[in-house]
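Student: Once you've had a glance at the structure underneath, I'll fire off some questions.
In the working numbering, the protein residues as written are 6 to 163.
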């Protein structure tokens with residue numbers, strides 16, 4: 006597989022330069038970081054949440070875990086829960102299960118960005134499969150999130 010079609014189209018529409026980095030098959034964003042020989046804190050991990058109001062995509066570093074209390078505090082939506090992996094195919098039909106790109110905007114999904122990702126010179130993220138990462142200039146990545154909430158949404162792994 007290659008970069009997800011909607012993701013590719015979105016990046017091209019935004020005139021953003023990026024590179025694809027191939028790596029051995031991985032199951033998680035943390036594994037992708039190791040397989041691609043990049044730091045976990047530079048890999049943007051997407052987590053899809055849902056409640057009765059709809060979906061929210063939260064983007065945090067692969068080196069961290071999601072702080073649901075912070076998400077609830079920021080959104081005021083206390084019923085948000087993670088979407089089961091087997092349900093992701095209908096929402097991200099051009100991606101392999103579990104390889105979500107962090108640009109919910111490309112899929113019409115409300116997106117929130119962890120503020121810690123604003124300090125990276127280079128950002129990496131899933132291209133929509135388990136064998137490629139997108140590599141992008143950090144400031145360009147942040148520009149894609151204009152209008153999206155940026156706040157502290159993660160915590161260090163216990």
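Here a beta-carbon is modelled for each residue, glycine too, at the ideal position from N, C-alpha and C. Keep in mind it's a predicted model, so treat the numbers as computed, not measured.
What I want to know is whether the C-beta of residue 73 ends up closer than 6 Å to one or more non-hydrogen atoms of the ligand COA.
Tutor: The ligand COA is not part of the structure shown, which contains no ligands of any sort.
Student: Please tell me whether residue 51 and residue 105 are closer than 7 Å, where the distance is taken between their beta carbons.
Tutor: As a working mapping, residue 51 is identified with position 46 in the chain shown. As a working mapping, residue 105 is identified with position 100 in the chain shown. In contact: residue 51 and residue 105 (Cβ atoms closer than 7 Å).
Student: Taking the alpha carbon of residue 26 as the point to measure from, which residue in 43, 15, 10 and 85 has its own alpha carbon closest?
Tutor: Within the chain shown, the letter at position 21 stands for residue 26. For residue 26, the nearest C-alpha among the options comes from 43.
Student: Which residue wins for smallest C-alpha separation from residue 101, given the options 66, 55 and 93?
Tutor: For this step, residue 101 is matched to residue 96 along the chain shown. Residue 93 is the option with its Cα nearest to residue 101.
Student: Roughly how far, in whole angstroms, is the beta-carbon of residue 96 from the beta-carbon of residue 53, given that I think they are within contact range, below 8 Å?
Tutor: The residue given as residue 96 occupies position 91 in the chain shown. The residue given as residue 53 occupies position 48 in the chain shown. At roughly 7 Å, the Cβ-Cβ gap stays under 8 Å, so residue 96 and residue 53 are in contact.
Student: Which same chain residues, not among the five before or five after residue 68, have their C-beta less than 7 Å away from its C-beta?
Tutor: In the chain shown, the residue the question calls residue 68 occupies position 63. Excluding sequence neighbours, residue 68 sits near 45 and 46.
Student: Residue 128 to residue 57, Cα distance in whole Å?
Tutor: By 1-based counting over the chain shown, the position of residue 128 is 123. By 1-based counting over the chain shown, the position of residue 57 is 52. Rounded to whole angstroms, residue 128 to residue 57 spans 32 Å at the Cα level.
Student: Which class does residue 115 belong to by DSSP, given the choice of helix, strand or coil?
Tutor: As a position in the chain shown, residue 115 is number 110, starting the count at 1. Of the three classes helix, strand and coil, the one that applies to residue 115 here is strand, per DSSP.
Student: Would you say the stretch 28 to 40 touches the stretch 139 to 149, given that touching needs at least three Cβ pairs under 8 Å?
Tutor: Touching, no, given that fewer than three Cβ pairs across the two stretches are closer than 8 Å.
Student: State the Cα-Cα distance for the pair residue 75 and residue 10, rounded to the nearest angstrom.
Tutor: By 1-based counting over the chain shown, the position of residue 75 is 70. By 1-based counting over the chain shown, the position of residue 10 is 5. Each residue's Cα considered, the two are about 32 Å apart.
Student: Taking the alpha carbon of residue 130 as the reference point, which residue from 14, 66, 19 and 59 has its own alpha carbon closest?
Tutor: Locating residue 130 in the chain shown gives position 125, counting from the first residue. It is 66 whose Cα lies nearest to the Cα of residue 130.
Student: Can you tell me where the alpha helix (DSSP H) holding residue 77 begins and where it ends?
Tutor: Taking the first residue of the chain shown as 1, we reach residue 77 at position 72. Per DSSP, residue 77 belongs to the alpha helix (DSSP H) from 73 to 80.
Student: Near residue 88, which residues of its chain fall below 8 Å by C-beta distance, leaving aside the five closest residues on each side in sequence?
Tutor: Taking the chain shown and counting its residues from 1, the one referred to as residue 88 is at position 83. Taken in chain order, the residues that qualify are 53, 54, 55, 60 and 96.
Student: On the DSSP bridge assignment, give the partners of residue 55 in chain order.
Tutor: Mapped onto the chain shown, residue 55 falls at position 50. For residue 55, which the question treats as bridged, DSSP gives the partners 60 and 86.
Student: So within the stretch 115 to 155, which uninterrupted beta strand (DSSP E) runs reach at least 3 residues, ignoring any that extend past its ends?
Tutor: Qualifying beta strand (DSSP E) stretches, in chain order: 115 to 119, 127 to 131 and 137 to 142.
Student: Measuring alpha carbon to alpha carbon, tell me which residue in 113, 141, 136 and 116 is nearest residue 174.
Tutor: Only positions 6 to 163 of the chain appear in this structure, which leaves residue 174 out of reach.
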